[in-house]
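Step one of this worksheet: look at the structure below.
2 protein chains.
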Amino acid sequence: MGQIGDEVKNKQVIFRDYVVGFPKESDFIITSVTIRLKLPQGSNGVLLKTLYLSCDPFMRMLMDSQPSAFSYFPGSLLFGYGVGKVLESAHSDFNEGDLVWGMLKWEEYSVVEDPANFIKIHHTDVPLSYYTGILGMPGITAYFGFHDICSPKKGEYVFVSAASGAVGQLVGQLAKLMGCYVVGSAGSKEKIELLKNKFGFDEVFNYKEEHDLNAALKRCFPEGIDIYFENVGGKTLDAVLLNMRPHGRIAVCGMISQYNLNQSEGVHNLMHLVLQRIRMEGFSAPDYFHLNANFLEAMLPYIREGKISYVEDTVHGLESGPAALIGLFSGRNIGKQVVAISTE
Amino acid sequence: MGQIGDEVKNKQVIFRDYVVGFPKESDFIITSVTIRLKLPQGSNGVLLKTLYLSCDPFMRMLMDSQPSAFSYFPGSLLFGYGVGKVLESAHSDFNEGDLVWGMLKWEEYSVVEDPANFIKIHHTDVPLSYYTGILGMPGITAYFGFHDICSPKKGEYVFVSAASGAVGQLVGQLAKLMGCYVVGSAGSKEKIELLKNKFGFDEVFNYKEEHDLNAALKRCFPEGIDIYFENVGGKTLDAVLLNMRPHGRIAVCGMISQYNLNQSEGVHNLMHLVLQRIRMEGFSAPDYFHLNANFLEAMLPYIREGKISYVEDTVHGLESGPAALIGLFSGRNIGKQVVAISTE
Numbered sequence: 001m002g003q004i005g006d007e008v009k010n011k012q013v014i015f016r017d018y019v020v021g022f023p024k025e026s027d028f029i030i031t032s033v034t035i036r037l038k039l040p041q042g043s044n045g046v047l048l049k050t051l052y053l054s055c056d057p058f059m060r061m062l063m064d065s066q067p068s069a070f071s072y073f074p075g076s077l078l079f080g081y082g083v084g085k086v087l088e089s090a091h092s093d094f095n096e097g098d099l100v101w102g103m104l105k106w107e108e109y110s111v112v113e114d115p116a117n118f119i120k121i122h123h124t125d126v127p128l129s130y131y132t133g134i135l136g137m138p139g140i141t142a143y144f145g146f147h148d149i150c151s152p153k154k155g156e157y158v159f160v161s162a163a164s165g166a167v168g169q170l171v172g173q174l175a176k177l178m179g180c181y182v183v184g185s186a187g188s189k190e191k192i193e194l195l196k197n198k199f200g201f202d203e204v205f206n207y208k209e210e211h212d213l214n215a216a217l218k219r220c221f222p223e224g225i226d227i228y229f230e231n232v233g234g235k236t237l238d239a240v241l242l243n244m245r246p247h248g249r250i251a252v253c254g255m256i257s258q259y260n261l262n263q264s265e266g267v268h269n270l271m272h273l274v275l276q277r278i279r280m281e282g283f284s285a286p287d288y289f290h291l292n293a294n295f296l297e298a299m300l301p302y303i304r305e306g307k308i309s310y311v312e313d314t315v316h317g318l319e320s321g322p323a324a325l326i327g328l329f330s331g332r333n334i335g336k337q338v339v340a341i342s343t344e
Numbered sequence: 001m002g003q004i005g006d007e008v009k010n011k012q013v014i015f016r017d018y019v020v021g022f023p024k025e026s027d028f029i030i031t032s033v034t035i036r037l038k039l040p041q042g043s044n045g046v047l048l049k050t051l052y053l054s055c056d057p058f059m060r061m062l063m064d065s066q067p068s069a070f071s072y073f074p075g076s077l078l079f080g081y082g083v084g085k086v087l088e089s090a091h092s093d094f095n096e097g098d099l100v101w102g103m104l105k106w107e108e109y110s111v112v113e114d115p116a117n118f119i120k121i122h123h124t125d126v127p128l129s130y131y132t133g134i135l136g137m138p139g140i141t142a143y144f145g146f147h148d149i150c151s152p153k154k155g156e157y158v159f160v161s162a163a164s165g166a167v168g169q170l171v172g173q174l175a176k177l178m179g180c181y182v183v184g185s186a187g188s189k190e191k192i193e194l195l196k197n198k199f200g201f202d203e204v205f206n207y208k209e210e211h212d213l214n215a216a217l218k219r220c221f222p223e224g225i226d227i228y229f230e231n232v233g234g235k236t237l238d239a240v241l242l243n244m245r246p247h248g249r250i251a252v253c254g255m256i257s258q259y260n261l262n263q264s265e266g267v268h269n270l271m272h273l274v275l276q277r278i279r280m281e282g283f284s285a286p287d288y289f290h291l292n293a294n295f296l297e298a299m300l301p302y303i304r305e306g307k308i309s310y311v312e313d314t315v316h317g318l319e320s321g322p323a324a325l326i327g328l329f330s331g332r333n334i335g336k337q338v339v340a341i342s343t344e
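These protein sequence lines map, in sequence, to chains C and A. Numbering follows UniProt numbering, with no gaps: position 87 of the first sequence is 87. Numbering follows UniProt numbering, with no gaps: position 312 of the second sequence is 312.
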């Protein structure tokens, strides 16, 4: 199905228009075009078959009603991280059959004119979908966010919000491997059980069942928090600030609770940064992509030796993508949300 | 006036009760007691004559209606940084005639049972009052806050709020000495002129005359801000976050605009920490007091060679202290607010 030169159907997901509030399925158009599987004449790029697409919270920001330079453009294809296979290459760095991960358009086949930012996949003894998560952008986020930004020490008290998500589940386990005490919060009974039973968090709570986040944190951290891995923002951050220990660190990875609000919630307790001499630092995974080799050297053994568990939530087919993507913002996914497009 | 063994009047300032909103003069009681100038029998401390007292924004937090472990206690003496002279010593580290700075009670003569935290003053070719400011806690705040927390590089864009205050005026000049482009904000015409003409800021604005702080910052920083030395919090911080450059640093020294509010303003733009990978870090001068020798080695030549200017706003007599202290919060002082108690 789909040899070079064939005419094939190419399913695509189009971003309809800028989004206000929570995104809906109708903000995306699923369409199909017929293409010839062939690099255009004169191309210096690659022809890619999409294998897996990743649903990531940052994608909501690209849909914003106040568009930025990086936003999706109304009427154009959605894009995000994904895994693909090179079907044909006119680029000297890539050969037919190469597996890569990077920023892909949401379509089954893509011509990529500038593949220089793709990262090649050399280790295929693990599922290829892992390169959308534990071995891809979210894994790099968790690994460097925790080890570089949080400066963890054995025995420290670590709190992770959105703890069953792609990044949170890894941060929690990396912290346990460092000998930290780790507490996670999530928004459902199933997720809470996963944190406790599969990922080995020391303590967990369901934030939707806590009337007073400050009290929940005081219960879980009678000695206070050394490290907070921030995935959600808003009220959670405010409660955390009240519970930080001196010289604590807050790594700000994202603020998913804020992305669908027209105005983000105000954070009131920043004075605690001074009172406790806290470092709060934002970071972004692409700043660490050049360290991918070091990252794989650390992470692959953890996976192969079963020292880190990893949970994916997979839907199949591009047409299932929009619902999976918007499900992130109501917390419908359990674990990393992946869209499987093709297994080969 | 006041030899060891004499009976003397000892004027004092007493903290009446926890404060809600802006402090008023009536929150303080000025009183006078008669004491004998002598260390009590069995004391291991020192008897101190108060020379200068310092008015610092952090003192508002110790008055708070939600008291903490460090708060002033209703009915007890106010305290804060100051300069004193040892009249009598029973402590092996101190001798009669020693000059010291540290945490002093607001009274003319004090028995200090645990003087271990005092820092001795060895350089007296500069005014002794400087040890409440440029050579004391505010100087250490400016010096290490800027050089250690802000990691400045030549040519970077630096913004300082409350820029004519004790800390701000020094940060601005230290940044100029580093070869940075420096913009300061303050709240009056006189202060603005001081910034421009005396302290050599490249650009200045009066925040009270700007309807749109974001626009003011965009005008002064068309390329954005690398370093923000945060003294005020609230709306200023929110506007700054919108204008930070990638990998910017925010040193959080204090948030004077928030101290008199019953609930601090919410800060909405923290997501920019992630978007621009910003480090925002609170710090506290006492963490650097052990580096006082290094600090003096850097700062004394700047003063002696006239490379740094320093402006004080001095009132005389303990009875003028409360008005001077509360004046900080309406911005009445121009430069470092000092209360001169005795010149010798």
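Glycine included, C-beta positions come from ideal geometry on N, C-alpha and C. From a predicted model like this one, the values you see are computed outputs, not experimental measurements.
Against chain C: residues of the stretch 260-277 of chain A by CB proximity under 8 angstroms = Listed in sequence order: Gln263, Ser264, Glu265, Gly266, Val267, His268, Asn269, Leu270, Met271, His272, Leu273, Val274, Leu275, Gln276, Arg277.
task = Check the Cβ of Gly282/C against every Cβ in chain A and list those closer than 9 angstroms, keeping chain order.
result = Leu270, Met271, His272, Leu273, Val274, Leu275, Gln276, Arg277, Ile278, Arg279, Met280
key: Gly248/C beta carbon near the ligand GTP (any heavy atom closer than 7 angstroms)   = The ligand GTP is not part of this structure, which contains no ligands at all.
ask   = Starting from Ile214/A and walking both ways along the alpha helix (DSSP H), at which residues does that stretch end?
value = A small fix is needed here, since residue 214/A is Asn in this sequence, not Ile. Its alpha helix (DSSP H) spans residues 213-220.
ask   = Would you call the stretch 33-48 of chain A and the stretch 318-335 of chain A in contact, with 3 or more CB pairs under 8 angstroms?
value = no
task = Assign Asp114/A to one of two classes, buried (16 or more other C-beta atoms within 10 Å of its C-beta) or exposed (fewer than that).
result = exposed
ask   = Can Val167/C and Cys253/A be called in contact, C-beta distance under 8 angstroms?
value = In this structure, Val167/C keeps its C-beta atom at 8 angstroms or more from the C-beta atom of Cys253/A.
key: Under 7 angstroms by beta carbon: chain C residues contacting Gln258/A   = Met271
message = Given a cut-off of 8 angstroms on the beta-carbon distance, is the pair Phe79/A and Phe146/A in contact?
response = no
task = Taking Gly184/C as the query, report the chain A residues whose CB atoms sit under 9 angstroms from its CB, ordered along the chain.
result = Within 9 angstroms Cβ-Cβ: nothing; Gly184/C doesn't reach chain A, min ~20 angstroms.
ask   = Relative to the C-alpha of Ser110/C, which residue among Val83/C, Val171/C, His211/C, Pro127/C is closest?
value = Val83/C
key: First through last residue of the beta strand (DSSP E) which encompasses Pro246/C   = 244-252
inquiry  = Please identify the residue among Gly75/A, Val8/A, His211/A whose C-alpha is closest to the C-alpha of Pro19/A.
reply    = At residue 19/A the sequence reads Val, which differs from the Pro that was named. Cα-wise, what sits closest to Val19/A is Gly75/A.
task = Determine the burial state of Arg277/A: buried for a count of at least 16 other Cβ atoms within 10 Å of its Cβ, exposed for fewer.
result = buried
inquiry  = Quick test of your reading: Lys11/A and Ser32/A, contact by CB under 8 angstroms. State the CB separation rounded to the nearest angstrom.
reply    = 5 angstroms
message = Can you look up residue 396/A in the DSSP assignment and give me helix, strand or coil?
response = Residue 396/A lies beyond the residue range present for chain A, which begins at 1 and ends at 344; the question has no answer from this structure.
ask   = What do you reckon, are the CB atoms on Val13/A and Leu318/A nearer than 8 angstroms?
value = yes
ask   = What are the residues of the stretch 231-258 of chain C that lie near chain A, defined by any Cβ-Cβ distance shorter than 8 angstroms?
value = Gly233, Leu237, Val252, Cys253, Gly254, Met255, Gln258
query = For Val338/A, which option in Ile326/A, Ile250/A, Ala323/A, Val315/A has the closest C-alpha, if you only look at C-alpha atoms?
reply = Ranked by Cα distance from Val338/A, the first of Ile326/A, Ile250/A, Ala323/A, Val315/A is Val315/A.
ask   = Cβ of Asp287/C less than 8 angstroms from any chain A Cβ?
value = Closer than 8 angstroms: yes.
key: Endpoints, alpha helix (DSSP H) assigned at Tyr143/A   = 137-144
task = Using alpha carbons as the reference points, say which of His123/C, Lys235/C, Gly2/C lies closest to Leu37/C.
result = Looking only at His123/C, Lys235/C, Gly2/C, the smallest Cα-Cα distance to Leu37/C is reached by Gly2/C.
message = Does Arg36/A come out as helix, strand or coil in the three-state DSSP assignment?
response = strand
request  = Assign Phe73/C to buried or exposed, taking buried as 16 or more other Cβ atoms, counted over all protein chains shown, within 10 Å of its Cβ.
outcome  = So Phe73/C counts as exposed.
inquiry  = Please state the DSSP three-state secondary structure of residue 418/A.
reply    = Coverage of chain A is limited to positions 1 through 344, which leaves residue 418/A absent and any answer about it impossible.
inquiry  = For Pro286/A and Met137/A, I'd like the C-alpha separation in whole angstroms.
reply    = 8 angstroms
request  = Taking all protein chains shown into account, decide if Gln258/A is buried (16 or more other Cβ within 10 angstroms of its Cβ) or exposed.
outcome  = buried
query = Gly282/C to Val311/A, Cα distance in whole Å?
reply = 37 angstroms
request  = Jot down the residue ranges of each uninterrupted alpha helix (DSSP H) in the stretch 302-339 of chain A, minimum 4 residues, whole runs only, in chain order.
outcome  = 321-327
inquiry  = Between which residues of its own chain and Ser151/C is the CB-CB distance below 7 angstroms, once the five residues before and five after are set aside?
reply    = Arg249
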